[in-house]
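Here the numbering used here is used: the first residue of the sequence shown is 6, the next is one more, and so on. C-beta atoms are modelled at their ideal positions from N, C-alpha and C, and glycine is treated no differently. Down below is the structure, laid out as structure tokens.
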Amino acid sequence: MKVVALAGGTGSAKLLRGLQAEIDEFTVVSNVGDNFWNHGLYVCPDIDIAVYTLAGTSDVAKGWGLRGDTFNVLAQLGKLGEETWFNLGDMDLATQIFRTEQLSKGRRLGDITTMLCDRLRVRQKVLPCTDDRLETYIDTHLGPMHLQDFWVKNHGEPEVTGVEYRGSETARAEYRVITAIEEADRVIFCPANPVTSILPILAVDGVKRALSSTKARRVAVSPIIGDAPVSGPAGKMLKAIGAGTDSSSVAGLYRGLVDVMVLDAADETRRRDIERHGIRAVSSSILMNDFESERRVARQALVA
Ligand code: FO1
Numbered sequence: 006m007k008v009v010a011l012a013g014g015t016g017s018a019k020l021l022r023g024l025q026a027e028i029d030e031f032t033v034v035s036n037v038g039d040n041f042w043n044h045g046l047y048v049c050p051d052i053d054i055a056v057y058t059l060a061g062t063s064d065v066a067k068g069w070g071l072r073g074d075t076f077n078v079l080a081q082l083g084k085l086g087e088e089t090w091f092n093l094g095d096m097d098l099a100t101q102i103f104r105t106e107q108l109s110k111g112r113r114l115g116d117i118t119t120m121l122c123d124r125l126r127v128r129q130k131v132l133p134c135t136d137d138r139l140e141t142y143i144d145t146h147l148g149p150m151h152l153q154d155f156w157v158k159n160h161g162e163p164e165v166t167g168v169e170y171r172g173s174e175t176a177r178a179e180y181r182v183i184t185a186i187e188e189a190d191r192v193i194f195c196p197a198n199p200v201t202s203i204l205p206i207l208a209v210d211g212v213k214r215a216l217s218s219t220k221a222r223r224v225a226v227s228p229i230i231g232d233a234p235v236s237g238p239a240g241k242m243l244k245a246i247g248a249g250t251d252s253s254s255v256a257g258l259y260r261g262l263v264d265v266m267v268l269d270a271a272d273e274t275r276r277r278d279i280e281r282h283g284i285r286a287v288s289s290s291i292l293m294n295d296f297e298s299e300r301r302v303a304r305q306a307l308v309a
């Protein structure tokens, strides 16, 4: 079975770990809207969490970065008067240096990501949704700011009035992404923040079309439990784009692109509303708080 997973940050990583335990090969199409330049380096947090997770080296407790990393370079940058709000670890910096150097040689982000996977012995394919610049900007009462400025520098505190995917008008899908979706038997929407992880992927030219025409069963694992996002700033952002914070509102955002939604038993009351979007609902326990639950949810996504 050919499986493609659309993935963002921490919640997605948990499902990817579960999927890896269930099947050997699959393709991850990663969000790039949270990519940004920091200390002269091109940082791609969602690509990196997917790669580190599949390499078995991610910091599972934090949900980002590498297990056992240290922060000596960052501390020294602080002594030099540089900003240190984004905690890039010493080993993590090696990835950023590698990526930035390859970019400076003219290589594309997708090809560099493949090199990273090969060198870290990741058997699965990780593809950025696009090689082009596509950045998620959050409109706030302080003005528009990059997602990392909003979430990490400003602790997600500013009032959110809207969300923009800058560059989405011209971003083209990475050259392997459309074929992967078209030829898949199953496309899984990971339980990620819909606004900052999944919608930027869907904003890339050709992705929605491929999802509409693929013969694959398209399954979304809801990022919501008990009418609230499992983690992160999704609630604030869903409200800002005029959506609710329940599973059926998320299903509405994926309308026409998803056949089945795996939702939590706590949200069983939303089944009817989800099915009104033309999406079949399957309820289960979807909280992933250990390896066994990650495997169980991955199995659900594979059979739903
Ligand atoms: N998130 C934080 O909340 N604080 C950090 O200092 C931080 C550092 C960091 C370093 C590398 C990396 O790949 C991710 C990092 N993240 C950090 C996570 C990241 O900001 C976001 O959660 C994702 O971009 C959203 O998917």
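Query: Counted within 10 angstroms of its Cβ, other Cβ atoms place aspartate 190 as buried (16 or more) or exposed; Result: exposed
Query: Proximity test, phenylalanine 91 beta-carbon vs the ligand FO1 heavy atom, cut-off 7 Å; Result: yes
Query: For lysine 84 and phenylalanine 31, the rounded distance between their alpha carbons; Result: 43 Å
Query: C-alpha distance - leucine 147 paired with lysine 241, whole-angstrom precision; Result: 15 Å
Query: Aspartate 160 classed as buried or exposed, judged by whether at least 16 other C-beta atoms fall within 10 angstroms; Result: This sequence places histidine at residue 160; aspartate is not what is there. Burial call: exposed.
Query: Cβ neighbours of alanine 225 in the same chain (closer than 6 Å, five flanking residues each side left out); Result: Phe194, Tyr259, Val263, Met266
Query: Test item: CB-CB of valine 212 and valine 168 under 8 Å; Result: no
Query: Rounded separation between valine 131 and threonine 105 - CA only; Result: 18 Å
Query: Alpha-carbon to alpha-carbon, tryptophan 42 and arginine 138; Result: 11 Å
Query: Sequence-distant residues of its chain with Cβ nearer than 6 Å to glutamine 107 (five each side left out); Result: Ile117
Query: Residue from Asp123, Glu140, Leu98, Ala270 with nearest C-alpha to threonine 310; Result: The question about residue 310 has no answer, for the chain in this structure spans 6 to 309.
Query: The ligand FO1 heavy atom lying under 7 Å from the CB of serine 254; Result: no
Query: Beta-ladder partner(s) of valine 192, from DSSP; Result: Val9, Arg223
Query: 6 Å Cβ shell around serine 173 - same chain, five flanking residues per side excluded; Result: Leu139, Ala208
Query: Status (buried if at least 16 other CB within 10 Å, exposed otherwise) for phenylalanine 155; Result: buried
Query: Per DSSP, cross-strand counterpart(s) of arginine 177; Result: Asp210
Query: Inter-residue Cα distance where the pair is methionine 96 and glutamate 280; Result: 46 Å
Query: Endpoints, beta strand (DSSP E) assigned at valine 165; Result: 165 to 171
Query: C-beta atoms of valine 34 and alanine 66 nearer than 8 Å; Result: no
Query: Stretch pair the stretch 56 to 65 + the stretch 117 to 128: three plus CB contacts closer than 8 Å; Result: yes
Query: DSSP-derived helix/strand/coil call for leucine 139; Result: coil
Query: C-beta contact flag for aspartate 39 and aspartate 51 at 8 Å; Result: yes
Query: Cβ-based burial, valine 235 [other Cβ within 10 Å; buried from 16]; Result: buried
Query: Per-residue DSSP class, three states only, for isoleucine 279; Result: helix
Query: Same chain, Cβ closer than 7 Å to proline 228, neighbours up to 5 away in sequence not counted; Result: Gly16, Pro196, Ala197, Asn198, Pro199, Pro234, Val235, Ala239, Val255
Query: Alpha helix (DSSP H) segment containing serine 71, residue limits; Result: Looking at the sequence shown, residue 71 is not serine but leucine. Unbroken run through leucine 71: none, as it is neither H nor E.
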